[in-house]
Amino acid sequence: MKRVLITGGAGFLGSHLCDRFIKEGFHVIAMDNLITGSVENIEHLFPLKEFEFHHHDVSKYVFVPGKLDYILHFASPASPIDYLKIPIQTLKVGSLGTHNLLGLAKNKGARILVASTSEIYGDPLEHPQKETYWGNVNTVGPRGVYDEAKRFQEAITMAYHNFHELETRIVRIFNTYGPRMRLNDGRALPAFMHQALLGKDITVFGDGSQTRSFCYVDDLIDGIYKLLLSDHSEPVNIGNPSEISIKKFAEQVVRFTGSNSKITYKDLPKDDPKQRCPDISKAKKLLEWTPKVDLNEGLEKTLSFFKEKVSSKIKA
Ligand code: UDP
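Dropping the structure here:
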C-alpha cells in the first residue's frame, strides 16, 4: 500500500486531499498543529485503519516512522486575516516547514508536492497570469509574510530538485471554495455566506471592482492529484479561469441564499490585488485537466455546509 503524508491535513484543502487519497487506496498520514485546521474536518476518517493523525508543527523537525511514497505540503495559514494574525508562523511554515519536509522527502526517497499560490504573483501587472510571469509583490506589506514565504518555498523546492535530484512538484493554487472553509476565516466566500444566511449586511471591500476567479474544491483536488502523478517539476497553475468582480460575486451569493442582505462598502485592505485570473493552458495540456464545476453548481454544493455551520453556531 502506498503511503502519503499530508501536512495541513486537518485544514480546508488538506482534509479534502485526505479524502481523495483514502478513496484512491492510499495509507494517509495527516499532520497538523491545529492552529487554523480543525479535527472536525477529518474525524470521519479516524475509524479507518488506513488513516492516522499526527498533531505536530512542521516548522519543527518532522519524524514519520516507516516508508513514505509521497508528501503533500499543505500546512499554512491561507487567508489574509490569518496571516495578519500569525505572521511569524506563516513565514516559518512556508520556509522552515518546507525545508524540513524536503529533508524528509530526501531521506525517505519520496516525491513531494508543495502548495504554492497565486499570491506569488502579488498585485499582477500581467493578466491572466501565466506560470512564466514573475510577479509584483510588496515584500514588506501585510501580505508579504505569506507571499514571500511561498516564493522562498518555490525556490528551495527547485533547489532540492536541481541539487539533490529530488522528485518535486509545485502547484500554484488560485482562489478555491467549498465545504470545510472556516466560517470566520475572513475570506470572501465564507464572509458573504455567513452574512447572507444571517440577513446581515454584506461587506464588500473597496468598490468591489477587483476580480477573482473561484475554483470549486473538488476540481482543485483533481488537478493536484494529476500533477502529483505527472512528471512535471516546474510550477503549474490550478484554478478556475472564470473571472468575476467581487461585487458581482457578493450579489450572486445573496441571490443564491435567497437573503435580503444589502451590500455595504468598506475600505479596501492594503495591497489587495486588483485582478486575478489563472491562465491554465499548461495544466490543460500537461495534465489533461480542466475545471468542471461552474459557480452556480459550486455554490449549490457549498450552501448546505454553511447553512449547517451557521445554524449550529446560532444554537451554541
Ligand atoms: N473581500 C470582501 N469582503 C469580505 C472579504 C473579502 O470584499 O468580507 C474581498 C477582498 O478584499 C478581496 C476578495 O474579496 O478583494 C477576495 O478575498 P479573499 O480574502 O477571499 O482572498 P484573496 O484576497 O486572498 O484573493
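Going by the working numbering, the sequence shown opens with residue 200, and the numbers climb by one from there.
Even glycine gets a Cβ: it sits at the ideal position worked out from N, Cα and C.
Since the model is a prediction, treat every value here as computed from it, not as a measurement.
Residue j beta carbon less than 8 Å from that of residue i
i           : j           : result
residue 490 : residue 327 : no
residue 345 : residue 282 : yes
residue 426 : residue 368 : yes
residue 460 : residue 398 : yes
residue 229 : residue 268 : no
residue 300 : residue 270 : yes
residue 266 : residue 202 : yes
residue 471 : residue 340 : no
Residue burial classification, residue i (beta-carbon count within 10 angstroms, cutoff 16)
i           : result
residue 347 : buried
residue 261 : buried
residue 318 : buried
residue 358 : exposed
residue 338 : exposed
residue 247 : exposed
residue 231 : buried
residue 242 : exposed
residue 264 : exposed
residue 362 : exposed
residue 430 : exposed
residue 236 : buried
residue 353 : buried
residue 488 : buried
residue 439 : buried
residue 356 : buried
residue 515 : exposed
residue 287 : exposed
Spatial neighbours of residue i in its chain, beta-carbon cut-off 8 Å, leaving aside the 5 residues before and after
i           : result
residue 502 : 392, 455, 456
residue 385 : 278, 279, 280, 281
residue 481 : 329, 330, 435, 436
Among the options, nearest to residue i - alpha-carbon criterion
i           : options            : result
residue 314 : 297, 308, 303      : 297
residue 377 : 231, 500, 356      : 500
residue 420 : 217, 274, 207, 203 : 217
residue 494 : 475, 462, 418, 428 : 418
residue 409 : 428, 353, 473      : 473
residue 206 : 223, 254, 486      : 254
residue 321 : 335, 311, 356      : 335
residue 312 : 287, 424, 390, 226 : 424
residue 443 : 272, 484, 463, 475 : 475
Contacting residues, own chain, Cβ-Cβ under 6 Å from residue i (five flanking each side not counted)
i           : result
residue 465 : 402, 404
residue 240 : 209, 214, 379
residue 294 : 348, 351
residue 290 : 344, 348
residue 374 : 411, 413
residue 292 : 258, 274, 275
residue 251 : 228
residue 388 : 376
residue 462 : 401, 403, 449
Integer-rounded CB distance, given that residue j should sit under 8 Å from residue i
i           : j           : result
residue 350 : residue 279 : About 17 Å; that fails the 8 Å criterion.
residue 507 : residue 435 : No, residue 507 and residue 435 are not in contact; Cβ-Cβ is about 34 Å, not under 8 Å.
residue 365 : residue 304 : 6 Å
residue 428 : residue 512 : Rounded, the Cβ-Cβ distance is 39 Å, inconsistent with contact.
Cβ shell of residue i (< 7 Å), same chain only, five flanking positions each side left out
i           : result
residue 467 : 404, 405
residue 395 : 401, 452, 453, 456, 458, 460
residue 285 : 234, 276
residue 307 : 266, 267
residue 316 : 349, 371, 372
Residue-level contact to chain B via CB, residue i, 8 Å cutoff
i           : result
residue 431 : Absent from the structure: chain B. Only one protein chain is present.
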